[in-house]
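In this text, residue positions in the sequence shown follow our numbering: the first is -1, and each later residue adds one.
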Amino acid sequence: MNTISLPTSPSMQLRASGLLLSLAIALAAWWLGRLVPLIGGPVFGIVIGIAVRNLLAPSETFNPGIQFASKQILQWSIVALGFGLSLTQVAQTGLQSLAVTLVTITVAFGTALLLGRVLKVHDKLKVLIGVGTAICGGSAIAAVTPIIKPDDHDTAFAISTIFLFNIVAVLLFPLLGHALHLSDLGFGLWAGTAINDTSSVVAAGYSYSTTAGDYATIVKLTRATLIIPICLVLAIAVAVREKRAAKHTGIASDFSLRQIFPWFILWFLVASAVRTAGLVPSAIQPAIHLAAEFMIIVALTAIGLSANLRKMASTGVRPILLGLGVWAAVSVSSLLVQVVIGQL
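So this is what it looks like as structure tokens:
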């Protein structure tokens, strides 16, 4: 008897092993997070992922699925969170956090330039670490790379450095928040403005509380949109520099606003608009939030599975010191601004 087999997408075949590994670890992390809510599933996911990556060293066949989980599933989780937040809440939070966001971004770039000069880190690496810390980690570094055209090893150094402090932030921020007795909104604002990568902000926020996670997510997405004007400024600066260097030659640039725009933020707003319009039944909202929470754990697990500790250690001490200095300056300035405006 002949059997009929459905065709399988080659891309899904390539991703299957990595996705299954991420899902299996995420399930264990989710269960452990329920047992130890103070730590939470996202933290367990990233820690177990790091342990598996560096102790068991999965083969390269796992990489496509792991990369898909760390990027695409994370974006889906952010969109899913939008179904639980009204546009009014998003707008209010974005405006409330704007002052802190602008201060921390200014501090990040200022510290990167000054400390980078002291540490004798060259300009392009300073920009990469500064923009990665100021805006949204690896996504921001990827966005500015085609504009400033750094060497590949500089991009790797910057991403590894930023990634190192993302991991530290996920583990350390919730503990510090409780030690400082921060309110849910105060911690959400701190995490949203002081932690680099979206996934790490979400993980730290929801490890603290659901309210802190919701608030931190909106703050972080507001902050991420600022990559657009920053990329435009950098593009103009690079174009002017190139024009001065070669007045009579054409300026070839692969800079594209469409390419750098974080489209998942737009879909997050669409989901929030659907929620605001009352098109999401109240009965299914807990299920949507649970799905978003699990997708976050899957994404953080995949990011842990991507962490090559040996490669991160090989980046050298100066970029790490620069990343530490910028990250510390942003973290402290965020808290100070909150103290001044009475928002802790």
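Backbone N, C-alpha and C fix where the C-beta goes; we use that ideal spot for every residue, glycine too.
Residue i - DSSP class collapsed to helix/strand/coil
| i | result |
| --- | --- |
| Phe66 | helix |
| Ser207 | coil |
| Lys124 | helix |
| Val278 | coil |
| Val199 | helix |
| Ala55 | coil |
| Asn194 | coil |
| Ile2 | Caution is warranted here: a pLDDT of 46 is assigned to Ile2, below 50, making its placement in the model unreliable, and the coordinate value is therefore given only provisionally. Here Ile2 sits in coil by DSSP. |
| Phe306 | The amino acid occupying residue 306 in the given sequence is Asn; Phe does not appear at that position. Coil, per DSSP. |
| Ser84 | coil |
| Leu179 | It should be pointed out that residue 179 corresponds to His in this sequence rather than to Leu. His179: coil per DSSP, three-state reduction. |
| Ile339 | helix |
| Leu224 | coil |
| Lys118 | coil |
| Asp149 | coil |
| Ser329 | helix |
Nonlocal neighbours in the same chain, by C-beta distance under 6 Å from residue i, ignoring five residues either side
| i | result |
| --- | --- |
| Gly128 | Ala106, Phe107 and Ala110 |
| Pro317 | Phe155 and Thr159 |
| Val88 | Ile216 and Ser270 |
| Asn52 | Leu307 |
Own chain partners of residue i with C-beta closer than 7 Å, once the 5 adjacent residues on each side are dropped
| i | result |
| --- | --- |
| Ala297 | Ala67, Ser68, Ile71, Leu72, Ser75 and Ser197 |
| Ser331 | Val101, Thr102 and Val105 |
| Leu180 | Trp188 and Leu342 |
8 Å Cβ cutoff met for residue i and residue j
| i | j | result |
| --- | --- | --- |
| Ile286 | Leu232 | no |
| Ile48 | Ile23 | no |
| Phe364 | Val272 | The structure shown has nothing for residue 364, since the chain only spans -1 to 342. |
| Leu112 | Asp152 | no |
| Ile44 | Val168 | yes |
| Ile228 | Cys134 | no |
Close Cβ partners of residue i (< 8 Å) along its chain, the five nearest in sequence each way excluded
| i | result |
| --- | --- |
| Gln336 | Val98, Gly184, Leu187, Trp188 and Leu342 |
| Met293 | Ile71, Leu72, Trp74, Ser75 and Ala78 |
| Asp149 | Lys122 |
Near the ligand HEM: residue i beta-carbon under 7 Å from a heavy atom
| i | result |
| --- | --- |
| Gly128 | Among the components of this structure there are no ligands whatsoever, and the ligand HEM is therefore not found. |
Supposed contact pair residue j and residue i - C-beta distance, whole angstroms, cut 8 Å
| i | j | result |
| --- | --- | --- |
| Gly190 | Tyr204 | That belief does not hold up - the Cβ atoms of Gly190 and Tyr204 are roughly 12 Å apart, past 8 Å. |
| Val361 | Thr91 | As displayed, the chain neither begins before -1 nor continues past 342, which places residue 361 out of reach and without an answer. |
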